[in-house]
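From first to last, the protein sequence lines stand for chains A and B.
Using the numbering used here, the first residue of the first sequence is number 15, and each one after it goes up by one.
Using the numbering used here, the first residue of the second sequence is number 15, and each one after it goes up by one.
There are 2 protein chains.
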Amino acid sequence: MARSSSAAVPTVRDVARLAGVSPGTVSKALNGQGQLRPETRSRVQAAAENLGFRPNQLARSLLSGRTYTVGVLTSDHFGRFSMPLMEGIEDSLGACHVSTLLCDGRGDSIREQHYVTELLNRRVDGIVVTGRRTDARPSLGRLPVPVVYVLIRSAASHDLSVTYDDRQGTELAISHLLAVGRTHIGYVGGPERHLATRTRREATDDALRAAGLTLRSTDVLIGEWSEAWGRAAAALMANRPRGQRVDGVFCASDQIARGVVDGMREAGIAVPEETSVVGFDNWDVMTEASRPPLTTVDPCLSKLGQFAASQLLNAIEGRELGSGTLLLPCELVVRDSSVPVLTRQAEAASVA
Amino acid sequence: MARSSSAAVPTVRDVARLAGVSPGTVSKALNGQGQLRPETRSRVQAAAENLGFRPNQLARSLLSGRTYTVGVLTSDHFGRFSMPLMEGIEDSLGACHVSTLLCDGRGDSIREQHYVTELLNRRVDGIVVTGRRTDARPSLGRLPVPVVYVLIRSAASHDLSVTYDDRQGTELAISHLLAVGRTHIGYVGGPERHLATRTRREATDDALRAAGLTLRSTDVLIGEWSEAWGRAAAALMANRPRGQRVDGVFCASDQIARGVVDGMREAGIAVPEETSVVGFDNWDVMTEASRPPLTTVDPCLSKLGQFAASQLLNAIEGRELGSGTLLLPCELVVRDSSVPVLTRQAEAASVA
DNA sequence: ATGAAAGCGCTAACAC
DNA sequence: GTGTTAGCGCTTTCAT
């Protein structure tokens, strides 16, 4: 039923026969090559249209050696982070009429190796490797096609990895907290084993130090990537005597930040009036539902995907692919969780 | 640098030369076809290994007429719902060594048509069409390959669409609310224009009627798919005089349900002791962060994807593809937002 | 048990 | 201008 006309799909020869020309002429006519009489060209086009002719891309690829396909290998299940990334990747590739073959390695290296073989057999023009954790992952090794690692970094320095700049993102957050007048900053991270937790803690420390402040160890809370942990952390912070309480909190994820905001409110601490909170990820589900909406660091994943894919395309075109790790900047998105009313009034006044 | 040995990739001929046999023999040896002397076979395998030979899938496909590739066309940006769906699709396809070519139509029909052409030119074996809204979408029309619509339904009755059973899912939720002793049920939906909002309201109505109860129009709140709306709805419900308050709420999404739970708590109504709340989607981000965790209807999207892909594979193998809309059942996941302590104690007692 | 040859659908180079 | 030919890499008869 759904499988329609079982008539064999037409080839250049069928078109040639109908148009009364040779297969070579059909090819030229349809691809705008060579010198053809306009009348012939349109006759061929009409015949092709008529038969519903679709040039077999396989045959073209076999001949040209290019498939206009890249493989995207996600090492982790494709989660929340892969979505904007894929969007960016498709933006770049789609513009060049390159399709994406999607493979979900699910963190299993056997499965992954199987997919790589599959992709190479299919003669993809290049491969994008992605995955959630920002820690380095094993290199796929030297492959006959260019490979770009994005979001996740390759452990091999001769590979090109592209990710966002965790330190710079953290600096944005801390500068912002300082700019709105905060002087006693705390940090709430995810699990210690995650690189993101450690990098953002260190960068927080450095940024505060550079401003003549310090990140006290008692103001560093390491836990999980959950809202529940954020709430727990807020409760811990709220329990301190008034004089020892932080007035600004940088959270390593929006989920944590939302938990902190909820926890603060429930402990009777006003956000942002008494304490400013900044998150990381710019995940709409969290930033929008939070009360107040979250100020956060946007890792610009879509741009990241776009950039990585464009680098890969360059390499496919024959240009040299760099190596090492490229860091793209994050952006700060200011919402209500960080800017105390006083500061806002001051700004309004200064503008006026 | 990353583009390694520019030595041309080896072909069957290279392997044949090295093994001292003919190309035909190489093919037989590597594919386990025909009658070969074991010694020859292993010699060929060694030669292939040696050269790092990878059979060109393009050439095989050109010959066999099968690409072992299916196109996945998502009409909506691939969002939260597409992820588990894709996982299921890959499960089925991967088991049969079929790869997925991913296309994001972004709801733009021009773009979509472009992708369909692209997929057909690439000679995919079949196409899966998916998208977020459950309303019907225009059919792709009759294509030379089988097509399955999943999650989203095709407007053409001769197409096969597979989605989950909204009504049955709703019945699960309502039966559960009744089973835990609730008698005054309310419904909080998303926007009226969304089919899901309407279907779930109607099914709620029917299920209550069947139990000798009614869904009063004042207990139906239609709004948005957000937590904020859930909170607002809870506030409205909480404002009623005590005797007119619902004791059970079915929400058309987990986001709404979480908002309702938060709103109830903040209005001083205990969940689940005073009021039971049930959501829809089984979206971990919401169900887990909610206090208490949400009881919800799981549309089993992963299974749905698996099923749809397996139907497509059947059709590719030549079996008849059905038509019309196939509905897969939802499952109820019971957590703490719906079961009053009294009921739990009673259950424990009855087990003992 | 192995080799030779034809051909999948297309394009590019060379005839005419 | 258009037709003819060869060949991309592989598999599959059909000989031997």
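Ideal Cβ placement from N, Cα and C applies to all residues, glycine included.
Quantities reported herein were computed from a predicted structural model and do not represent experimental measurements.
### Message
Taking its Cβ as the centre, do 16 or more other Cβ atoms sit within 10 Å of V355 of chain B, making it buried, or is it exposed?
### Response
Around the beta-carbon of V355 of chain B, fewer than 16 other beta-carbon atoms lie within 10 Å, marking it exposed.
### Message
If you measure between the beta carbons of S267 of chain A and G226 of chain A, is that distance less than 8 Å?
### Response
Cβ distance not < 8 Å, so S267 of chain A and G226 of chain A don't count as in contact.
### Query
Can you name, in chain order, every residue of its own chain whose Cβ lies under 6 Å from the Cβ of H172 of chain B, other than the five neighbours on each side?
Answer for H172 of chain B: S337, listed in chain order.
### Query
Is it a yes or a no for the stretch 115–122 of chain A touching the stretch 131–141 of chain B, going by three-plus beta-carbon pairs under 8 Å?
Counting C-beta pairs with one atom in each stretch, the stretch 115–122 of chain A and the stretch 131–141 of chain B have fewer than three that are closer than 8 Å, which means they do not touch.
### Task
At 7 Å on the CB atoms, spell out the chain B contacts of V299 of chain A, in chain order.
Under the 7 Å cutoff, chain B gives V299.
### Query
Does the stretch 280–292 of chain B come within contact of the stretch 183–192 of chain B, defined as at least 3 CB pairs closer than 8 Å?
Contact annotation: the stretch 280–292 of chain B touches the stretch 183–192 of chain B, with at least three C-beta pairs closer than 8 Å.
### Query
Can you check whether the CB of T309 of chain A is closer than 8 Å to the CB of V347 of chain A?
In this structure, V347 of chain A sits near T309 of chain A, with a CB-CB distance shorter than 8 Å.
### Query
Does the ligand NAD have even one heavy atom less than 7 Å from the beta-carbon of G155 of chain B?
Annotation note on the ligand NAD: not contained in the displayed structure, which lists no ligands.
### Message
Given a cut-off of 8 Å on the beta-carbon distance, is the pair I283 of chain B and A252 of chain B in contact?
### Response
It is a contact, given that the beta carbons lie within the stated cut-off.
### Query
Closer than 8 Å, CB to CB, is G93 of chain A near chain B or not?
Cβ-Cβ to chain B under 8 Å: yes for G93 of chain A.
### Query
Would you call the CB atoms of S304 of chain B and V275 of chain B closer than 8 Å?
Yes, these two residues count as a Cβ contact at 8 Å.
#### Entry: CB contact check: E238 of chain B to chain A, cutoff 8 Å
Look at E238 of chain B: its C-beta is not under 8 Å from any C-beta on chain A.
### Query
Taking DSSP as the reference, what is the three-state secondary structure of L115 of chain B?
Assignment of L115 of chain B by DSSP, reduced to helix, strand and coil, places it in the strand class.
### Query
Using DSSP with H/G/I as helix, E/B as strand and the rest coil, what is S168 of chain A?
When secondary structure is reduced to three states using DSSP, S168 of chain A falls in the strand class.
### Query
Since T339 of chain B is in the alpha helix (DSSP H), which residue starts that stretch and which ends it?
No alpha helix (DSSP H) contains T339 of chain B, which is instead part of the beta strand (DSSP E) from 338–342.
### Message
Quick check: the stretch 24–31 of chain A against the stretch 58–71 of chain A, are at least 3 beta-carbon pairs closer than 8 Å?
### Response
The stretch 58–71 of chain A vs the stretch 24–31 of chain A: in contact.
### Query
What residues of chain B sit near G313 of chain A, judged by a beta carbon separation below 7 Å?
Strictly speaking, residue 313 of chain A in this sequence is Pro, with Gly absent from that position. At a beta-carbon threshold of 7 Å, none of the residues of chain B lie near P313 of chain A; the nearest stands roughly 18 Å away.
### Task
Spatial neighbours of C110 of chain A within its chain, please: CB distance less than 7 Å, with the 5 preceding and 5 following residues excluded, ordered by chain position.
Here the set comprises L327.
### Task
Taking R272 of chain B as the reference, give the member of B:D312, B:A322, B:T301 with the closest Cα.
Checked all of B:D312, B:A322, B:T301; the closest Cα to R272 of chain B is B:T301.
### Query
Nearest CA to the CA of V299 of chain A: which residue from B:E334, B:V58, B:E241, B:V202?
Among B:E334, B:V58, B:E241, B:V202, the Cα nearest to that of V299 of chain A is on B:E241.
### Query
Cα-Cα, which of B:V58, B:G277, B:Q325 is closest to V202 of chain B?
Among B:V58, B:G277, B:Q325, the Cα nearest to that of V202 of chain B belongs to B:G277.
### Query
According to a CB-to-CB cut-off of less than 8 Å, which residues of the stretch 113–125 of chain B neighbour chain A?
Cβ contacts with chain A come from S113, T114, L115, L116, C117, D118.
### Among B:L154, B:G204, B:R31, nearest to R147 of chain B - alpha-carbon criterion
The shortest C-alpha separation from R147 of chain B is found at B:G204.
#### Entry: Closest residue to M100 of chain A among A:E288, A:S352, A:F321 (Cα-Cα distance)
Ranking A:E288, A:S352, A:F321 by Cα distance to M100 of chain A puts A:F321 first.
### Message
Check whether chain B comes within 8 Å of R17 of chain A, counting only Cβ atoms and requiring the distance to be less than that.
### Response
Interpretation of R17 of chain A is limited by its pLDDT of 35, a score under 50 that renders its predicted location unreliable; the figure taken from the coordinates is listed afterwards. True, the Cβ-Cβ gap to chain B drops below 8 Å.
### Query
Just reading off the beta strand (DSSP E) that Y178 of chain A is part of, what are its end residues?
Per DSSP, Y178 of chain A belongs to the beta strand (DSSP E) from 174–178.
### Query
Closest by CA to G260 of chain B, which one among B:Q325, B:V234, B:R151, B:P313?
The sequence given here has Val at residue 260 of chain B, not Gly. Taking V260 of chain B as reference, the option from B:Q325, B:V234, B:R151, B:P313 with the minimal CA-CA separation is B:V234.
### Query
Straight-line CA distance for L154 of chain A to G183 of chain B?
Looking at the two C-alpha atoms, the distance is approximately 44 Å.
### Task
Let me know if Q47 of chain A comes out buried or exposed under the rule of 16 or more other beta-carbons within 10 Å of its beta-carbon.
Counting Cβ neighbours within 10 Å, Q47 of chain A comes out exposed, since fewer than 16 surround it.
#### Entry: Continuous beta strand (DSSP E) stretch holding L235 of chain A: start and end
Per DSSP, L235 of chain A belongs to the beta strand (DSSP E) from 234–236.
### Query
Does the beta-carbon distance from V162 of chain A to V142 of chain A come in below 8 Å?
Cβ distance < 8 Å, so V162 of chain A and V142 of chain A count as in contact.
### Query
Using 8 Å as the limit for Cβ to Cβ distance, is Q325 of chain B near chain A?
So no, Q325 of chain B is outside the interface.
### Message
Taking DSSP's pairing of strands, which residues face V348 of chain A in a bridge?
### Response
V348 of chain A is not bridged to any residue.
### Query
Nearest to V35 of chain A by alpha carbon, out of A:N45, A:P52, A:R57?
Checking every option, the nearest Cα to that of V35 of chain A belongs to A:R57.
### Message
I want to verify the contact list: residues of chain A whose CB lies under 9 Å from the CB of M97 of chain B, in sequence order.
### Response
Going along chain A in sequence order, the residues near M97 of chain B (Cβ under 9 Å) are H91, F92, G93, R94, S96, M97.
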